[in-house]
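Numbered according to our numbering, the first sequence spans residues 82 to 673. Cβ atoms here follow ideal geometry from the backbone N, Cα and C, with glycine treated the same way.
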Amino acid sequence: MNIQNTLENTVIDGMKILFEVDIPVIEFQETRKEFEGDLTIVVFPFLKFIKGNPFEIASKLGDFLKENSNEISDFNVVKGFLNLTISDEYYLHSFDRINNTKNYGIKKIDKNEKSVMVEYSSPNTNKPLHLGHIRNNLLGYSVAEIIAATGKKVYKTQIINDRGIHICKSMLAWQRFGNGETPESTGLKGDKLAGNYYVKFDEEYKKEIASLIAKGTSEEEAKKNAPILVEAQNMLRKWEAGDENTVSLWKKMNQWVYKGFDKTYEELGVNFDINYYESNTYILGKNIVAEGLKNGVFYKKEDGSVWIDLTEEGLDEKIVLRADGTAVYMTQDIGTAIQRFKEFPDLDSLVYTVGNEQDYHFKVLILILKKLGYTWAQHLYHLSYGMVDLPSGKMKSREGTVVDADELIIEMTDTARSISQELGKLESYTDKEKEKLYKTIGLGALKYYILKVDPKKRILFDPKESIDFNGNTGPFIQYTYARIQSILRKADFDYSKKIINMPLHQKEKTLIKLLEYFKETIYNSALNLSPALLANYTYDLVKEYNSLYQSLPILGNENLEKKILRTQISNQVGKTIKKSFKLLGIDVPERM
RNA sequence: GGCCCCGUGGCGCAACUGAAUAGCGCAUCAGAUUUCGGCUCUGAGGGUUACAGGUUUGAAUCCUGUCGGGGUCACCA
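Written out as structure tokens, the structure reads:
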């Protein structure tokens, strides 16, 4: 219950009594800094319901509110804007409520609420995770946490693309050139090892193409007929037929890769509740296609392939089953979605965290499921995000021009280390604690940098220059948190007393207002699937706090009650930073 | 070419989904701080929100068109 909700009914009643009209929604906004007041009602929209001069309407409403509402101590009118001044008592009361609410803003999981599944990461098993995955992981994890904070049970999931020609390429190259190398024998992470052989495959493939062309084959033919590629395709067929050797090699290499992924996920601080594997799900959906064929959602072409016609919806025709009866990407996704809703009867909606190059795919997927008559299909969301580009151009894992996830994390930690060492403040820390802190700061910088941007927008990432520690950054916010902890450590008096009556400074009011707004921000972020809203809120809060910190004494105040209140505010700001960052997947240090 | 996304001071981002003089950070310049951590704070300069129309009392936001950037139109996943 915030001030707007509190006032809304009074305003509606007021308009009814004063002008005999029903106003359906009242539009509130923050009063701009250059005007007097805390909260503003925009009167212009009322003109649709009553004729009259906006200034007069606002004035009359102002009088009414001052008279009939305890929260409003004063008002003024500028054009059609009714600026309300909220009483100090209300602020103190509201602040007290925040202090007395355990975990203000975070709702406990409510069993009556429906659950949400968030899918993210979903890697291929032939190469290590890279910068693009980092954005995906951070977004998916954070959105899942944010939704959970609104009281819904959330299942985090990934679908691991563990089968297909890509993994066969790695397998084949390892078989040919690997000399029995293992992660143990080389000391390499398993995903790196597999990735190296994927690159190796591509090199060999290119060599073979070149030599075929030299012998007079056309480029197109060469690309299709290079022996190593034919061999890889052959391997995929053997895998699908269940050939023992192939399957056991596949299992072995995938295990290596999973171990590597787990390490990266752990470093990154993300996790999953359930994993799905493409090798188990790629056949799913075939029965659904058969059913859809019967009731006319799909149709069969002469060659036996099955399609859906979406031209009426302004889209194309889309294949859902190959002529030879094998499944395509879409078949699998149809099946997997249905299976998930079967496996989790409490599930209400499903969020797919996937790059925007797949916008079309998900549009079609959702449409197909709707056409098949699944009511939950209207609760499927594609959390689409823009690419992460490098100054040098696009990342290509085949060519090895990627920013590797593990390396980037190490690089960030190194940067944090060199900056922290200059600053000191860590005398009492052991080396181990220091290392942990450097990681907290380095990862904090990286995560915040990526999450503060609207997911839809693409990011140009310059690993050398992009990460800043000043301004709107993770470390800046972490620094403020650490400083607040320092104040609280020094506060050697009891500051638990409730302050009821005291004239408030404008900065105190602004902070209380912002603290109150935390809850709404979480809901907004969840609704928009956008951690960026929460990240920018946190920055605003911190900036406002720093401004108070700089200009007003906290512990040094002579008035005991002021001292108590400001310590309480500091405490609450600290808590809010911590909670908010937790939802973003970012740690916060006690000292730095 | 069809469809989708993006275009905001030199650079990087905001704007509660239609409201007051479009905010913030970096960079630049000028200041503050005997005191709670100077990775701080205060202030200045810098924008016709790509362009052209339209709707509206009111548009960065909605509609139409143009230009620029990206994506996608695979019986790959």
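Please classify A291 as buried or exposed, where buried requires at least 16 other C-beta atoms within 10 Å of its C-beta. exposed
Spatial neighbours of W457 within its chain, please: C-beta separation below 6 Å, excluding the five flanking residues on both sides. F422
Buried or exposed: which applies to F599, given that a residue is buried once 16 or more other Cβ atoms fall within 10 Å of its Cβ? buried
What is the C-beta distance between G95 and L142, in whole angstroms, given that I count them as a contact (C-beta under 8 Å)? 6 Å
Span of the beta strand (DSSP E), counted from its first residue to its last, around G297: Looking at the DSSP string, G297 is not in any beta strand (DSSP E), and its letter there is neither H nor E.
Among M493, T298, N437 and L541, which residue has its Cα nearest to the Cα of P472? L541
By the DSSP assignment, the beta strand (DSSP E) with Q459 in it spans what residues? Run containing Q459: none; DSSP gives neither H nor E here.
For A225, list the residues DSSP reports as bridge partners. In DSSP, A225 forms no bridge with anything.
Anyone know if the C-beta pair for K233 and V199 falls short of 7 Å? no
Boundaries (first-last residue) of the alpha helix (DSSP H) holding G525: D512 to L532
Should the region 241-260 be called in touch with the region 211-230, which here means at least 3 C-beta pairs below 8 Å? no
Residue interval of the alpha helix (DSSP H) (run including Y346): E325 to L349
Tell me the start and end of each unbroken alpha helix (DSSP H) in the region 355-379 that is at least 4 residues and wholly inside, in chain order. 359-362 and 367-375
Looking at C-alpha atoms only, which residue of R539, E89, L253 and V534 is the closest neighbour of G555? V534
Am I right that E642 and I580 are in contact with their C-beta atoms under 8 Å? What's the rounded C-beta distance? 6 Å
Can you tell me which residues form a DSSP beta bridge with I447? I447 is not bridged to any residue.
Check for me: the alpha helix (DSSP H) holding S315 runs from which residue to which? Residue identity differs from the one stated: residue 315 is Asn in this sequence, not Ser. Counting along the chain, the alpha helix (DSSP H) containing N315 begins and ends at P308 to A322.
Here's the rule: buried if 16 or more other CB atoms are within 10 angstroms of the residue's CB, otherwise exposed. What is D33? Outside the displayed span of the chain (82 to 673) sits residue 33, for which this structure offers no information.
Residue(s) in a DSSP beta bridge with Q110: T121
Is the region 199-210 in contact with the region 329-347, if contact means three or more CB pairs nearer than 8 Å? yes
Taking buried to mean at least 16 other C-beta atoms within 10 Å of its own C-beta, is L608 buried or exposed? exposed
Is the region 159-178 touching the region 190-198 in the sense that three or more CB pairs, one from each, lie closer than 8 Å? no
Residues near I593 by beta carbon distance below 6 Å, same chain, minus five either side: Y172 and F176
Integer-rounded CB distance, given that M673 should sit under 8 Å from Q559: 6 Å
Measuring straight from C-alpha to C-alpha, what distance separates G77 and R318? Here the chain has residues from 82 to 673 only, and residue 77 is not among them.
List the whole-angstrom C-beta distance separating K571 from L633, where the pair is believed to meet the contact cut-off of C-beta under 8 Å. Actually they are not in contact, since the Cβ atoms of K571 and L633 sit about 16 Å apart, beyond 8 Å.
Option nearest F550 by Cα separation, candidates I131, T521 and Y286: T521
Which residue wins for smallest C-alpha separation from G213, given the options V401, R113 and K528? K528
Closest Cα partner of Y278 within the set L448, G186, F258 and A616: F258
Counting only the same chain and skipping the five closest in sequence on each side, list residues whose C-beta sits under 8 Å from that of F282. K250, S251, L253, A254, I309 and A313
Based on the DSSP secondary-structure assignment, which residues constitute the bridge partners of K129? Looking at the DSSP assignment, K129 forms no beta bridge with any residue, so it has no partner.
Delimiting residues of the beta strand (DSSP E) encompassing F162: F162 to I167
Counting pairs of beta carbons, one from the region 398-417 and one from the region 365-383, are three or more of them closer than 8 Å? yes
Let me make sure I understand the geometry here. Which of A322, G297 and L88 has the alpha-carbon closest to that of E148? L88
Cutting at 8 Å between CB atoms, please list the residues of its own chain near N627, excluding the five before and the five after it. T561
Who are D155's beta bridge partners in DSSP? T166
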